[in-house]
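Here's the structure we're looking at; comments come further down.
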Amino acid sequence: MIPALLLACTEYGFTDARWTDTYQQDRANEVDLLIVVDNSCSMVEEQDNLARNFDALLGRFVEAEVDWRIAVTTTDVEAERYRGRLQGGDDEVVLRGPSGEIDRVEYTRDWGFEDGISLGLSSDRTLATDNDVRGAWCRQGAFYGSEQGTPGEPNIVCGTGRVQRYVPTGPDTGPRAPTAADLLITELHPQSLEDDRRCEWIELTSRSPDTLQLGGLELSDRGRNHAVLPDFLLEPGGIVVIGRSTDACGAPVDIVLETGFSLNDDLRWIDAGMPDADELFAEAVSQGTLGIGIELGLEAARLTLEEPAYTDDNQAFLRDGARFALLFVSDEDDLSPLPVDSYLDRFMEVKGLAGYRDPSRVTVSAVVGDALPPAPGAPSCTSETGFGTYGERYLAAANRTGGLTASICAEDFAPIVSQLGLTLTGVSTRFELSRVPLLDTLEVRLYADTSEASFVRELLLDVDFTYDVEGNALVFTEDQAPPPSFWLSVSYNEDL
1233 MIPALLLACT EYGFTDARWT DTYQQDRANE VDLLIVVDNS CSMVEEQDNL
1283 ARNFDALLGR FVEAEVDWRI AVTTTDVEAE RYRGRLQGGD DEVVLRGPSG
1333 EIDRVEYTRD WGFEDGISLG LSSDRTLATD NDVRGAWCRQ GAFYGSEQGT
1383 PGEPNIVCGT GRVQRYVPTG PDTGPRAPTA ADLLITELHP QSLEDDRRCE
1433 WIELTSRSPD TLQLGGLELS DRGRNHAVLP DFLLEPGGIV VIGRSTDACG
1483 APVDIVLETG FSLNDDLRWI DAGMPDADEL FAEAVSQGTL GIGIELGLEA
1533 ARLTLEEPAY TDDNQAFLRD GARFALLFVS DEDDLSPLPV DSYLDRFMEV
1583 KGLAGYRDPS RVTVSAVVGD ALPPAPGAPS CTSETGFGTY GERYLAAANR
1633 TGGLTASICA EDFAPIVSQL GLTLTGVSTR FELSRVPLLD TLEVRLYADT
1683 SEASFVRELL LDVDFTYDVE GNALVFTEDQ APPPSFWLSV SYNEDL
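All you need for the numbering used here is the position in the sequence shown, starting with 1, plus 1232.
Written out as structure tokens, the structure is:
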């Protein structure tokens, strides 16, 4: 039963009126968030800033018990690998030495990695140029522990099942640093049946008659990955396994790189049930800077929703009962061909009638240049790493849907990401009163539910909240906002 204190009421006296306003803190049970990341040449630091602060977003979701799903795409709609596709399944492994690039493998989700099974380069392929050809790779059939592959062993010749071993000839003039053609990336295991933080690994095979010193070699990709190998001598024709831990689900790891090294999985989105969500998110938003310099973020978001890509490639990532939120992160304004309202109509349309009846079902937020420039052609904001152009169209979309706007030039995205999380959970920090109160009569009480016995405590003005005179509202900080589903009872005498 709702107690008297939680029933709106009015008591009339001779000189004043006593009012009680009640509110239940809201929350969104399910949120689907699509992040559209600018992947043009000026966005390295901003992508890294967003990746570093993912925990602030997750923290808000956890506090509000939100079942979340996050997907990422880019502002590039020209390149086939980006156009209308959720990102996360593609990756590259680049091996560099003092003399430059030694080897590279660039794989896509179309390669068909499976959980617990590695792909190995056919052992009759000996050139670095073979590595990016999907037909040169095949499943390796041996088992080690619960996984399948041949870590530390020669691969089979694809299509035959036989093994072709490399036998070095000539004198060993090492140890020396490897150069191009000395080392090949010969096996990849990006998707474990267990925990990727422990079980991912790659394999390198020497094609040299010399002992090679691997210390100082760099493994990287176009995103955040960058790791330097420790001192390690590889014998002529030898094989070395580089993993995330010594316990890599049974793989015989020779070199452990606990940080700076990971492989993308073939994922369309990240959700609350994934144990490595922070790492997967960091990889997904680090889309590199090779995208075309014409940013069409709104168009890119629309294309992810269009058939057949939405169902076939993006696996219909939006859930029927979830709120749909979009976040655009760009240092340029949107150049999409349609009016902003046309894109908002499309975003609402995917939620059916609920999208039109309940505006909170679809929100757009934007981390862009958010301040009017001082003069035409001038930047909206500047930072140590560059500047942001005024994001007029993104800001219009955010303002029309009640979303969050913030500056792309901020040194630290943690407050931005935290506020975004709070916004998406539906948690309110502002409660407008029905009448203007006499502040010295204000009594604010917090309840866990609608029963008298659920009383938690009394909240104090200028300690737990402030009063906005102009808006006639109680205002809480992010950290002091009433918890989801809790009730506020606000009693006061009206200022007549």
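Even for Gly, the Cβ is constructed at its ideal location relative to N, Cα and C.
Span separating the alpha-carbon of residue i from that of residue j
i, j, result
"N1546", "V1399", "45 Å"
"F1718", "L1570", "42 Å"
"P1729", "T1382", "Nothing can be reported for residue 1729: it is not among the residues displayed for the chain, which extend from 1233 to 1728."
"P1330", "E1450", "9 Å"
"E1710", "T1443", "59 Å"
"V1659", "A1368", "52 Å"
"A1603", "R1632", "17 Å"
"E1616", "V1517", "21 Å"
"T1657", "A1713", "12 Å"
"Q1319", "L1636", "23 Å"
"G1469", "P1441", "6 Å"
"T1361", "V1325", "14 Å"
Residue environment, residue i, which counts as buried when at least 16 other CB atoms sit within 10 Å
i, result
"F1345", "buried"
"S1378", "exposed"
"V1701", "exposed"
"F1375", "exposed"
"Y1724", "buried"
"T1252", "buried"
"I1526", "exposed"
"H1421", "buried"
"A1607", "exposed"
"G1492", "exposed"
"D1414", "buried"
"N1704", "exposed"
"G1475", "buried"
"L1728", "exposed"
"E1243", "At E1243, the pLDDT of 39 sits below 50, so the modelled position is not reliable; the number obtained from the coordinates is stated separately. Looking at its Cβ environment, which holds fewer than 16 other Cβ atoms inside 10 Å, E1243 is exposed."
Element boundaries [alpha helix (DSSP H), containing residue i]
i, result
"F1286", "F1286 to E1295"
"A1516", "A1509 to V1517"
"N1261", "Run containing N1261: none; DSSP gives neither H nor E here."
"L1535", "G1529 to T1536"
"T1437", "From DSSP, T1437 is part of no alpha helix (DSSP H) but of the beta strand (DSSP E) over W1433 to S1438."
"N1807", "The structure shown does not extend to residue 1807, since the chain spans only 1233 to 1728, so no value can be given for it."
Closest residue to residue i among the options (Cα-Cα distance)
i, options, result
"T1536", "E1564, V1582 and G1393", "V1582"
"D1681", "G1658, S1721 and S1562", "S1721"
"R1764", "R1667, G1703, P1715 and N1285", "Because the chain is modelled from 1233 through 1728, residue 1764 falls outside the range shown and cannot be assessed."
"E1564", "Q1256, L1436, V1269 and D1479", "V1269"
"D1428", "C1370, L1495 and R1454", "L1495"
"T1437", "P1410, V1263 and G1620", "P1410"
"D1287", "C1370, Q1319, D1510 and E1278", "D1510"
"L1465", "I1334, A1629, L1446 and T1418", "L1446"
"S1796", "Y1542, E1624, E1539 and A1629", "The structure shown has nothing for residue 1796, since the chain only spans 1233 to 1728."
"N1363", "W1343, R1430 and F1645", "W1343"
"D1552", "L1678, L1567, G1653 and V1594", "V1594"
"R1394", "P1468, D1356 and A1412", "D1356"
Bounding residues of the beta strand (DSSP E) (the contiguous stretch that carries residue i)
i, result
"I1648", "Taken as a continuous stretch (DSSP letters only), I1648 belongs to no beta strand (DSSP E), being part of the alpha helix (DSSP H) at A1646 to T1657."
"A1610", "Run containing A1610: none; DSSP gives neither H nor E here."
"D1335", "G1332 to Y1339"
"S1686", "It is not in any beta strand (DSSP E) - S1686 carries neither H nor E in the DSSP assignment."
"A1630", "Counting along the chain, A1630 falls outside any beta strand (DSSP E), though it belongs to the alpha helix (DSSP H) covering E1624 to T1633."
Residue-chain proximity (residue i, chain C), Cβ-Cβ < 7 Å
i, result
"Y1679", "Protein chain content of the structure displayed is limited to a single chain, and chain C is not contained in it."
Say whether the region 1499-1508 touches the region 1291-1309, bearing in mind that this needs 3 or more beta-carbon pairs closer than 8 Å, one atom from each stretch. Inter-segment contact for the region 1499-1508 and the region 1291-1309 is present: three or more beta-carbon pairs are separated by less than 8 Å.
Three Cβ pairs or more, each shorter than 8 Å: is that satisfied between the region 1692-1706 and the region 1668-1681? yes
Segment contact, 8 Å Cβ cut-off, at least three pairs: the region 1549-1560 with the region 1587-1602: yes
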